[in-house]
Amino acid sequence: TSLDEVLTLRAKLKRAALILGDTAKGIRQAAYETFNGKATDIIYLGNVDELNFVEESDGNLVLGAGLRIEDVCNAVRKRADKLAYAE
159 TSLDEVLTLR
169 AKLKRAALIL
179 GDTAKGIRQA
189 AYETFNGKAT
199 DIIYLGNVDE
209 LNFVEESDGN
219 LVLGAGLRIE
229 DVCNAVRKRA
239 DKLAYAE
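Residue numbering for the sequence shown follows the working numbering, starting at 159 and increasing by one per position.
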């Protein structure tokens, strides 16, 4: 799924809940609670390619907002020897 596809769908479904993460609780339940039961449509963002990436840029680790926590942990572990620690 592309970000353009999501934006097109969102334009058609203005009251749709945009959901990313917290899926352990259940997508439908999370949307219901967040929108006080008024969201009738859900757009899940977990499969949006532009939100799921790991890049290195100018010495920085750049992580997409759609990454699962497991993917973030793996990216950090893979580069642990390159990461600076704040003191």
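Where is the CB? At the ideal position from N, CA and C, for every residue including glycine.
In chain order, Glu213 place their CB closer than 6 Å to the CB of Val220, counting only its own chain and leaving out the 5 sequence neighbours on each side.
Runs of the beta strand (DSSP E) lying entirely within the segment 204-242, each at least 3 residues long, are 212-215 and 218-221 in chain order. When DSSP states are grouped into helix, strand and coil, Leu176 belongs to the strand group. For Asp162, the uninterrupted alpha helix (DSSP H) run begins and ends at Leu161 to Lys170, by DSSP.
Excluding its 5 nearest sequence neighbours in each direction, Val164 has C-beta neighbours in its own chain below 7 Å: Ile201, Leu203 and Val206, listed in chain order.
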